[in-house]
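**Student:**
4 protein chains.
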Amino acid sequence: MCRWLAYSGSPIKLEELLLKRDHSLIDQSLHSRMGATTTNGDGFGVGWYDGDGEPPRVYRSTHPAWNDRNLNELAAGIKSPLFFAHIRASTGSAIQETNTHPFRYGKWLWMHNGLIRDFNTVHRELVNRIDDALFNSIEGTTDSETMFYLALTFGLQSDPVAAVEEMVGFVEETGHKHDIEQPIQMTIATTDGESIWAFRYSSEGDSRSLWFSTRMDELKLLYPALHQLDDLSDETRVIVSEPLGDLPGAWNAAPESHYGVVHPGTDKLAPFAPSH
Amino acid sequence: MCRWLAYSGSPIKLEELLLKRDHSLIDQSLHSRMGATTTNGDGFGVGWYDGDGEPPRVYRSTHPAWNDRNLNELAAGIKSPLFFAHIRASTGSAIQETNTHPFRYGKWLWMHNGLIRDFNTVHRELVNRIDDALFNSIEGTTDSETMFYLALTFGLQSDPVAAVEEMVGFVEETGHKHDIEQPIQMTIATTDGESIWAFRYSSEGDSRSLWFSTRMDELKLLYPALHQLDDLSDETRVIVSEPLGDLPGAWNAAPESHYGVVHPGTDKLAPFAPSH
Amino acid sequence: MCRWLAYSGSPIKLEELLLKRDHSLIDQSLHSRMGATTTNGDGFGVGWYDGDGEPPRVYRSTHPAWNDRNLNELAAGIKSPLFFAHIRASTGSAIQETNTHPFRYGKWLWMHNGLIRDFNTVHRELVNRIDDALFNSIEGTTDSETMFYLALTFGLQSDPVAAVEEMVGFVEETGHKHDIEQPIQMTIATTDGESIWAFRYSSEGDSRSLWFSTRMDELKLLYPALHQLDDLSDETRVIVSEPLGDLPGAWNAAPESHYGVVHPGTDKLAPFAPSH
Amino acid sequence: MCRWLAYSGSPIKLEELLLKRDHSLIDQSLHSRMGATTTNGDGFGVGWYDGDGEPPRVYRSTHPAWNDRNLNELAAGIKSPLFFAHIRASTGSAIQETNTHPFRYGKWLWMHNGLIRDFNTVHRELVNRIDDALFNSIEGTTDSETMFYLALTFGLQSDPVAAVEEMVGFVEETGHKHDIEQPIQMTIATTDGESIWAFRYSSEGDSRSLWFSTRMDELKLLYPALHQLDDLSDETRVIVSEPLGDLPGAWNAAPESHYGVVHPGTDKLAPFAPSH
Chain A
712 MCRWLAYSGS PIKLEELLLK RDHSLIDQSL HSRMGATTTN GDGFGVGWYD
762 GDGEPPRVYR STHPAWNDRN LNELAAGIKS PLFFAHIRAS TGSAIQETNT
812 HPFRYGKWLW MHNGLIRDFN TVHRELVNRI DDALFNSIEG TTDSETMFYL
862 ALTFGLQSDP VAAVEEMVGF VEETGHKHDI EQPIQMTIAT TDGESIWAFR
912 YSSEGDSRSL WFSTRMDELK LLYPALHQLD DLSDETRVIV SEPLGDLPGA
962 WNAAPESHYG VVHPGTDKLA PFAPSH
Chain B
712 MCRWLAYSGS PIKLEELLLK RDHSLIDQSL HSRMGATTTN GDGFGVGWYD
762 GDGEPPRVYR STHPAWNDRN LNELAAGIKS PLFFAHIRAS TGSAIQETNT
812 HPFRYGKWLW MHNGLIRDFN TVHRELVNRI DDALFNSIEG TTDSETMFYL
862 ALTFGLQSDP VAAVEEMVGF VEETGHKHDI EQPIQMTIAT TDGESIWAFR
912 YSSEGDSRSL WFSTRMDELK LLYPALHQLD DLSDETRVIV SEPLGDLPGA
962 WNAAPESHYG VVHPGTDKLA PFAPSH
Chain C
712 MCRWLAYSGS PIKLEELLLK RDHSLIDQSL HSRMGATTTN GDGFGVGWYD
762 GDGEPPRVYR STHPAWNDRN LNELAAGIKS PLFFAHIRAS TGSAIQETNT
812 HPFRYGKWLW MHNGLIRDFN TVHRELVNRI DDALFNSIEG TTDSETMFYL
862 ALTFGLQSDP VAAVEEMVGF VEETGHKHDI EQPIQMTIAT TDGESIWAFR
912 YSSEGDSRSL WFSTRMDELK LLYPALHQLD DLSDETRVIV SEPLGDLPGA
962 WNAAPESHYG VVHPGTDKLA PFAPSH
Chain D
712 MCRWLAYSGS PIKLEELLLK RDHSLIDQSL HSRMGATTTN GDGFGVGWYD
762 GDGEPPRVYR STHPAWNDRN LNELAAGIKS PLFFAHIRAS TGSAIQETNT
812 HPFRYGKWLW MHNGLIRDFN TVHRELVNRI DDALFNSIEG TTDSETMFYL
862 ALTFGLQSDP VAAVEEMVGF VEETGHKHDI EQPIQMTIAT TDGESIWAFR
912 YSSEGDSRSL WFSTRMDELK LLYPALHQLD DLSDETRVIV SEPLGDLPGA
962 WNAAPESHYG VVHPGTDKLA PFAPSH
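One line per chain: the protein sequences are A, B, C and D, in this order. Residue numbers for the first sequence, in the numbering used here: 712 to 987. Residue numbers for the second sequence, in the numbering used here: 712 to 987. Residue numbers for the third sequence, in the numbering used here: 712 to 987. Residue numbers for the fourth sequence, in the numbering used here: 712 to 987.
1) List, in chain order, every chain D residue whose beta-carbon is nearer than 8 angstroms to that of R835 of chain C.
2) Is A984 of chain C buried or exposed, if buried means 16 or more other CB atoms sit within 10 Å of its CB?
3) Contact between the region 908-923 of chain D and the region 890-900 of chain D is defined here as three or more beta-carbon pairs at a separation below 8 angstroms; is this criterion met?
4) Indicate the three-state DSSP secondary structure (helix, strand or coil) for A909 of chain C in the structure shown.
5) Pick out whichever of C:E884, C:G904, C:G960 has its Cα sitting closest to the Cα of H987 of chain C.
6) With distances taken between CB atoms, is the gap from F859 of chain C to F830 of chain C smaller than 9 angstroms?
7) Any beta carbon from chain A within less than 9 angstroms of S771 of chain D's own beta carbon?
8) Along the chain, where does the beta strand (DSSP E) that runs through T902 of chain B open and close?
9) With burial defined as no fewer than 16 other Cβ atoms inside 10 Å of the residue's Cβ, what is the status of P1004 of chain B: buried or exposed?
10) Assign E726 of chain B to one of two classes, buried (16 or more other C-beta atoms within 10 Å of its C-beta) or exposed (fewer than that).
11) Taking beta-carbon pairs under 7 angstroms, can you tell me which members of the region 777-807 of chain A lie near chain B?
12) In whole angstroms, what is the alpha-carbon distance linking S924 of chain B and W962 of chain B?
13) Taking a Cβ distance cut-off of 7 angstroms, strictly less, list which residues of the region 917-949 of chain C are near chain D, in chain order.
14) Please report whether the beta-carbon of D761 of chain B lies at a distance below 9 angstroms from any beta-carbon of chain C.
15) Assign L937 of chain B to buried or exposed, taking buried as 16 or more other Cβ atoms, counted over all protein chains shown, within 10 Å of its Cβ.
16) Pick helix, strand or coil for R771 of chain B, following the three-state DSSP scheme.
17) Using CA coordinates, which residue listed in D:L930, D:V951, D:E953 is at the minimum distance from D942 of chain D?
18) Does T853 of chain D get closer than 9 angstroms to chain C when you measure Cβ to Cβ?
19) Of the residues B:G762, B:G756, B:D753, which one's Cα is nearest the Cα of P722 of chain B?
20) My output table needs one value for L716 of chain D: the three-state DSSP class, helix, strand or coil.
21) Give the list of continuous alpha helix (DSSP H) stretches no shorter than 4 residues that lie fully inside the region 849-902 of chain A.
22) Helix, strand or coil: which one does DSSP assign to H974 of chain B?
23) Could you tell me which residues DSSP pairs with P792 of chain A in its beta bridges?
24) What does the alpha-carbon distance come out to for the pair A862 of chain D and V833 of chain C?
25) Could you check what DSSP says for A984 of chain A in three-state terms: helix, strand or coil?
26) Quick one, which residues of the region 806-823 of chain A are near chain B if we go by CB-CB under 7 angstroms, in chain order?
27) Could you confirm whether any beta carbon from chain A is found closer than 9 angstroms to the beta carbon of E850 of chain B?
28) Can you pull the chain B residues whose beta carbon is under 8 angstroms from the beta carbon of R768 of chain C, in chain order?
29) Can you tell which of A:K724, A:K790, A:L820 has its C-alpha closest to the C-alpha of R771 of chain A?
30) Between N963 of chain D and chain C, is any beta-carbon pair separated by less than 9 angstroms?
31) Give the DSSP-derived three-state secondary structure of A704 of chain A in the structure shown.
32) Look up R815 of chain B in the DSSP assignment and give the residues it is bridged to.
33) How close, in whole Å, do the beta carbons of W715 of chain B and F795 of chain B come, if the pair is a contact with beta carbons under 8 angstroms?
34) Counting along the chain, where does the alpha helix (DSSP H) carrying A844 of chain C start and finish?
35) Taking the beta carbon of H797 of chain A as the centre, do at least 16 other beta carbons fall within 10 Å, making it buried, or is it exposed?
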């Protein structure tokens, strides 16, 4: 099981969420609390936007996040209003940077926790459905990257929710053809640098966890004495596979088969269903 | 341009050919003499057979061969009657172990110097021709590995020469469809652990170099005082992209559009032509 | 906490003990049973003798052992009558090959589980005591390597037990000068390629575990139906920080403050005390 | 031979000097023009200040700079008013991050091209002279890092020129005691985040090259049509081991046995002599 984190809001240093707190993402990589896999030591990645309209930058490594000095340096040196971070526990494919999340295409980032079951059985059929124009951008061999390029094929850049619904529908349909009962298990985050879409779904209706932080304005009312929140804009949000701390009222579990959108103005939480 | 070496004969320590001599393969990686590319610092690989009928073992790394301590240790610790070694200068694809030669499938090894021109244009069509049963064994994104899996699709394991002829024919045909004038440039070595097949070919009829060492019995007659040859069986052969030393009479260039087979009993050199 | 394994006996493939069994060393690296640290993902090393009188070869990597493909290849390709393996959980110093066990000097190997407490406080005084002739061979910054070079300074190569007793005495004395109450905690294995010496000691008298396998002749009597033991010589022994399996009667804990010697002919177990 | 670059002036993206130009530092790493060593493939490092008074951040890797994707990402993502970059060709010590320049201590950075001759002979005596308070900060085994900690011992942080003069004097004196005729060869750059000091010296009076870019105000007068200079402040300077381009009038060689200081206000060029 992988773990991930997505941040949107007032520009902060990456280390604030990756390193500094109890239950920070790096801390989680060593000590799983809710995860099925013991350890997330199979590489990690960080993708961040500068807020200047440029495509995101990505730093990925095959070393465990907890002992990568360069990650510490970068996390202290880089400030960003929107970033993704992911720590990997491989479910089989090679440990190499190109298999490490977040994946990037143009201004989009994508990361995933979960798996496509019996991926070897359906891999080729899934790849065959990817657009010719996208094919050469595939660099690795993971199920997660395949899902990304399928979603791009299905229009991620114009209608993200519809594209992910179609991608999941196609994966399920392909799996069922091969008698795979529960073809997909996922929490996914994707972004174009302005909004973040996060999805929680699994064929078996028992998906891995997905949490949204409470809106900052509400959180500040709840904890007026917590001055580390003062500098954060009301719209600041964190989306995670597992809560980063134990503050009561700070984290809200996304319901089964739902997705959320975080973007300036209004956020949204709505049911998610694959389109068949 | 990459460089490679294939050895067959009396079991020797890998370091004899990889490290110890002037113009050893590692020495070549730092100082090109005949190559187009300055430096082979984009990873390396070694594949070797134990001589016990087991599939070959492969050690591959993304570090430059000249500064990899583990390579030094292994080359001193491993003795083999048949091994391949390859040093890479990337022509574009990612620097990762899965893009590093030699590639392995079952008991077969494959390594390549050269390129498929405009690979991005033909990549998908080439991949589409690969057998379903082989598809999931592809781990990287290089033209070289694609050529290997095409050759396997065309029967490498039963008739290697015919399979490589068909592979090259298919690559040329696919390239020509897209107005690529000279689709392929290659020297290739492949082995099943008993024989080695080495190919020299390019669409433009101006292929990179390929050299076979002179038979040991002849070489011993030529240099009776060279006692380092004493322990080597008469059938010992080295095949290389560039000669390892300057001994007159020791190296024989393969002619343009030819292939050679090295195996116990008789060796063979014959013309090579793609089958269309 | 680190973990390690030392083997002496009939030549076997490294993978037999590193990879193949339940509770193999690699399996332990992911799931600690008796250890204080959750995960041994900070690199690993293997040192082995060919049995030809040559110095040992060492393969060390900063990647987690469980996801290093090259380790799998080597462990399947290398057979040895005497080898060491070590998986690291850093207690602070940098994750780099030169900080990875086993350490080698000439024909000697050394590996350690434990620590010198407040190492920063005593580091320089300890280093100052190392022989001039040895100083330039130090490549890393760990307490473990410092202990090795102190032991070499105190005559490890002529009288290993006396040298380790003097090393531990010197470390304790130096620590006490700086009001460090319990300066050292250790299990150590060292070898010259013929015998293995293993030590269990800590200043607090509560040392990490050390286990010796039961002599093969006794084990065969105990388990006549366990045919995987048939090929192993009577003198075959494994020494480990944690048992590799649950076979009753197969593993014997070394008592507190003891050392054992494994060598052809007679083995030995005796009390250990630092010399002051 | 290593190569390095130091920049001070208007904040720019690192990629401007590391990657984008002909004869950029990365380009130089593959194709030496003035260097003695063919290839700088033994790792690289970048150190940069954010301009907010914080200590510098350092990104170092053992991969060749030319194929490190993360370096590309960072160089495009990080903007800095003062940064160092270094590409390494090892003269013997291990290829590991802790042997990679620039070295950092507090707010100081240090990088070096050259060597201490017969370093193994004088290593220990040099290390013995380093302050106790600094000893535990030494992480690697290079002559370059030893020079840094000696300079720190001699007061680098209060009077950099005097400290480097004393360091060089001490290295020469120690070398001469051991009949090493020409103990040191160096170009060095060091900075506290505000000023940069660059030194050119060798015992043999034939030092490796050191170049200062012409002041921007003069360069703008010389090339009024070169609009890429428009955004750079008049005080912007680049100091390099080898010129980054062929613009006549842009680069000025430092004379033998001289040092230069670049800092807001006045720059300075003055003779350098070791203090004995």
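A virtual CB, placed ideally from N, CA and C, is assigned to each residue, including glycine. This one's a predicted model, so the numbers in the text were calculated from it and none came from an experiment.
**Tutor:** Judging by the given coordinates:
1) D843, F846, N847
2) Classification for A984 of chain C: exposed.
3) yes
4) In this structure, A909 of chain C counts as strand in the three-state DSSP scheme.
5) With distances taken between Cα atoms, H987 of chain C lies closest to C:E884.
6) no
7) First, the residue type needs correcting, since residue 771 of chain D is Arg and not Ser in the sequence shown. Chain A contact via Cβ: present.
8) 895-902
9) As shown, chain B starts at 712 and ends at 987. That puts residue 1004 of chain B outside it, with no answer to give.
10) buried
11) Result list: A805, Q807.
12) Just so you know, the alpha carbons of S924 of chain B and W962 of chain B end up roughly 5 angstroms apart.
13) none
14) yes
15) exposed
16) strand
17) Ranking D:L930, D:V951, D:E953 by Cα distance to D942 of chain D puts D:L930 first.
18) Not a single C-beta of chain C is nearer than 9 angstroms to the C-beta of T853 of chain D.
19) Cα-wise, what sits closest to P722 of chain B is B:G762.
20) strand
21) 854-864, 871-888
22) Three-state DSSP puts H974 of chain B in coil, outside helix and strand.
23) Per DSSP, none; premise fails for P792 of chain A.
24) 23 angstroms
25) coil
26) Q807, E808, T809
27) Yes, contact with chain A.
28) Within chain B, the residues near R768 of chain C are E784, L785, A787, G788.
29) It is A:L820.
30) Chain C places no beta carbon closer than 9 angstroms to that of N963 of chain D, leaving this residue out of the contacts.
31) In the structure as shown, chain A begins at 712 and stops at 987. Residue 704 of chain A is therefore absent and cannot be evaluated.
32) B:L820
33) 7 angstroms
34) 843-846
35) buried
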